[in-house]
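Okay, structure first, notes after.
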């Protein structure tokens, strides 16, 4: 996260197909499963943008909603016994599990969802942290 003098902040962002952005925000999803690994770790203060569709082409984007800030602290080969903590419906070899920590749920607000890790810029006051009652 970087902050400028005009109160704009920049966060790295990652889009997640619904309902899994909300599952991350609620602390239910502990691993994000991807075919690729990030270039560096840890990734701190990543904005999770929940969107409706898989973005398959390089320039695909759609409207989504920012739902959480998280840290990705490590990556390992996804194991068959991690289906539940990944909120997955099945397991397949060849994927990476990104470990999610320091989840901070936020009041959702619209943001563009894109592929891979990308930067989003917003006003600091747009982020309102929330808690869930279980």
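Residue numbers (my numbering): 93 to 226. All C-beta atoms, glycine included, are put in the ideal place defined by N, C-alpha and C.
Per DSSP, cross-strand counterpart(s) of residue i
{"i": "residue 168", "result": "189"}
{"i": "residue 103", "result": "212"}
{"i": "residue 156", "result": "203"}
{"i": "residue 140", "result": "106 and 160"}
{"i": "residue 197", "result": "160"}
{"i": "residue 124", "result": "190"}
When the options are compared against residue i, the one with the closest alpha-carbon
{"i": "residue 125", "options": "216, 192, 114 and 187", "result": "187"}
{"i": "residue 180", "options": "106, 100, 104 and 122", "result": "122"}
{"i": "residue 69", "options": "147, 218 and 134", "result": "Outside the shown range of the chain (93 to 226) lies residue 69, about which nothing can therefore be said."}
{"i": "residue 183", "options": "135, 171 and 194", "result": "171"}
{"i": "residue 196", "options": "212, 139, 134 and 133", "result": "139"}
{"i": "residue 102", "options": "214, 153 and 219", "result": "214"}
{"i": "residue 209", "options": "104, 161 and 98", "result": "104"}
{"i": "residue 276", "options": "115, 127, 137 and 98", "result": "The requested residue 276 is not part of the displayed model; the chain covers only 93 to 226."}
{"i": "residue 161", "options": "192, 204, 154 and 207", "result": "192"}
{"i": "residue 222", "options": "212, 159, 207 and 175", "result": "159"}
{"i": "residue 113", "options": "205, 135, 151 and 98", "result": "205"}
{"i": "residue 157", "options": "207, 212, 203 and 217", "result": "203"}
Close-in-space but distant-in-sequence residues of the same chain around residue i (CB under 8 Å, 5 per side omitted)
{"i": "residue 110", "result": "142, 143 and 144"}
{"i": "residue 133", "result": "164, 165, 166 and 167"}
{"i": "residue 220", "result": "198 and 199"}
{"i": "residue 115", "result": "121 and 179"}
Same chain, Cβ closer than 6 Å to residue i, neighbours up to 5 away in sequence not counted
{"i": "residue 129", "result": "167 and 188"}
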